[in-house]
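*Asks:*
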Amino acid sequence: MLTKTRLIKDLKNILPRNSVLTELEERYAYSQDAANTPDIKNIADAVVFAQNTEEVQQTVKLAAKYKIPIICRGAGTNVVGACTVEHGGIILNFSRMNKILEINRQNMTARVQPGVIVGELQKQAENLGLYYPPDPSNLAVSTIGGSIAQSSGGARTFKYGSTKDYILNMKVVMANGEILQTGSNTIKNATGYNLGSLFIGSEGTLGIVVEATVKLIPKPQTRQVIMAYFDRISESIDAVDAIIEQQIFPTTIDFMDQNAIQTVEKFYPSGLLTDKEAALIIEVDGFKNAVEYQKNVILSILNTAHASAIQSSSTEEEYNKIWQARRSSMGACAKLKPNVTTDDVIVPRQNLAKLVVGIRKICEKYNLEVCMVGHVGDGSVHPQIPIDYNNKDEYDRFKKAKSEIYDLTANLGGILSGEHGIGSLKRDYINLVVNPLALEYMRTIKKTFDPDNILNPYKIF
Ligand SMILES: Cc1cc2nc3c(=O)[nH]c(=O)nc-3n(C[C@H](O)[C@H](O)[C@H](O)COP(=O)(O)OP(=O)(O)OC[C@H]3O[C@@H](n4cnc5c(N)ncnc54)[C@H](O)[C@@H]3O)c2cc1C
């Protein structure tokens, strides 16, 4: 207790007055994230709003001195409890370190602070004819720091890859307050170990990103999206394979099942066809002629693959309407019950149909509703399960279903997270898919980087 009192006094001494929150309500508000777990056991001792790298270093040095946990927070939208506070500590909030420091057209790079909103970077890059492809569905609020730490992906991963493919260089504050530079601002780098890759997806457990240089690419000239409906789920999955086998390279191949379609239409009417069992959302982008060519090939494949209805965009407004519907699925699902959970299991695509059908069966067995969406081009599925955490019986059934979904994923050669991360919610299951020696090496790396276990402790494993 005395330690925490001293820590707070020191924080208030070294940081500007309005940068440290210590009231109970304030600490409570920042101790939860979008995982919205009912099992909050502890809250933060203080919330710090860092304004620059020096303030981050000073805060980390104090945390190191008192051996108090330090948990970074971007927008708090991760869905795996990666920002939750299990043993007290400092929440280090990056919403004030939100500057795009440079967009370099010649190098095709951007240098950003960690609190920059992903969608804002995309907008600024696109104004200059450049493109930052990683697109978590909630890119309007999620931050670069959070998306690096969770190795976020999105619908465009199919063609362009995910966050990890765009991070060239980072400045990272280590557990002792020193600054490490992970690489260089060059497009290639074969100079020593790729330290950057250790921090990407490390969920704030190895170091604190205070600046990142990201790669940009030329902005595609145009884009169009097709929404194809199917009377059977199996036909929609077969269509995914048919498109890929034709060596057409869409930007996205996303999926919605009937529950997702109906739920979106109920709460955010978008003109979706609610009598269909499944829909694929297929985007193509590039030069105008290439887009037209790809679109026509895809339409002909879809007809052969038994698509029973097709909507497609010819204007930006129609494009946005289709994507808005797909991106609303979690928000819509959240309206069915007081809480909603999501997941991001992923399998080799050849096992995708078994995963989709298996998840539905498991949810039926435990009498749970499920709205399924996913980036099926990657083999990734998001089962969104609305639930009432206050209903103990339902929560118990949900936990059993979740465990069976992870077993199924592992048995199909898959992995627990393609893009959301592990956090605290999935750590008990990580040994299903990561071999014991790999876990031992991960723990050794954690100890080397953070010997006192102060950086977001007990997340991932
Ligand atoms: C509606 C909805 C849709 C979503 N869709 C997608 C999707 O399509 N694809 C996807 O990948 N994810 C998705 N997510 C999950 C979430 O958006 C991502 O995990 C996101 O990138 C997190 O960003 P954030 O700024 O909210 O990070 P936070 O939740 O604040 O933090 C995430 C992790 O990053 C760490 N962290 C934050 N800043 C730093 C830093 N500067 N240095 C070191 N560590 C740091 C935190 O400690 C924590 O471990 C979705 C979430 C919601 C709620």
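So for the sequence shown, my numbering puts the first residue at 1212; every next one is plus one.
Built from N, CA and C at the ideal position, the CB exists for glycine as well.
Is it buried or exposed for Q1269, if we count other Cβ within 10 angstroms and need 16 for buried?
*Replies:* Buried, by the Cβ-count rule.
*Asks:* Do I1444 and D1468 have their C-beta atoms within less than 9 Å of each other?
*Replies:* Against a cut-off of 9 Å, the Cβ pair of D1468 and I1444 comes out as a contact.
*Asks:* Please report the residue range of the beta strand (DSSP E) in which L1417 lies.
*Replies:* No beta strand (DSSP E) holds L1417; DSSP gives it neither H nor E.
*Asks:* Return the residue from the list P1594, L1409, D1244 and V1587 that minimises the CA-CA distance to V1581.
*Replies:* Closest by alpha carbon: P1594.
*Asks:* Under the three-state reduction of DSSP, which class applies to Q1262: helix, strand or coil?
*Replies:* Note: Q1262 maps to coil in three-state DSSP.
*Asks:* Tell me the DSSP bridge mates of T1354?
*Replies:* Its beta-bridge partners are I1328.
*Asks:* Taking the alpha carbon of Y1404 as the point to measure from, which residue in T1393, G1388 and L1213 has its own alpha carbon closest?
*Replies:* Ranking T1393, G1388 and L1213 by Cα distance to Y1404 puts T1393 first.
*Asks:* Any heavy atom of ligand 1 closer than 8 Å to the beta-carbon of R1284?
*Replies:* Under cutoff, so the answer is yes.
*Asks:* Quick check on A1423 - is its C-beta less than 9 Å from some C-beta in chain D?
*Replies:* This model lacks chain D altogether, as it is built from one protein chain only.
*Asks:* Any heavy atom of ligand 1 inside 8 Å of the beta-carbon of H1631?
*Replies:* Yes - ligand 1 has a heavy atom lying nearer than 8 Å to the Cβ of H1631.
*Asks:* When the Cα atoms are used, what is the spatial distance from L1350 to A1286?
*Replies:* Going by the C-alpha atoms only, they are around 10 Å apart.
*Asks:* Just to confirm, are G1176 and I1671 a CB contact at a threshold of 9 Å?
*Replies:* The question about residue 1176 has no answer here: the residues shown for the chain are numbered 1212 through 1672.
*Asks:* Going by the DSSP bridge assignment, what does R1322 pair with across the sheet?
*Replies:* E1313 and T1424, per the DSSP bridge assignment.
*Asks:* For F1660, does the three-state DSSP call read helix, strand or coil?
*Replies:* If DSSP states are grouped into helix, strand and coil, F1660 belongs with the helices.
*Asks:* Is A1543 buried or exposed, if buried means 16 or more other CB atoms sit within 10 Å of its CB?
*Replies:* Looking at its Cβ environment, which holds 16 or more other Cβ atoms inside 10 Å, A1543 is buried.
*Asks:* Using only the heavy atoms of ligand 1, determine whether one of them is closer than 8 Å to the beta carbon of V1421.
*Replies:* Checking every heavy atom of ligand 1 against the Cβ of V1421, one is found closer than 8 Å.
*Asks:* Is the beta carbon of M1583 within less than 8 Å of some heavy atom of ligand 1?
*Replies:* M1583 Cβ: outside cutoff for every heavy atom of ligand 1.
*Asks:* When you compare only the Cα positions, how much space is there between Q1335 and K1399?
*Replies:* Approximately 24 Å, taken between the alpha carbons.
*Asks:* Determine the extent of the beta strand (DSSP E) in which N1514 is found, giving its start and end residues.
*Replies:* Where N1514 is concerned, there is no enclosing beta strand (DSSP E), although the alpha helix (DSSP H) it sits in stretches over K1499 to T1515.
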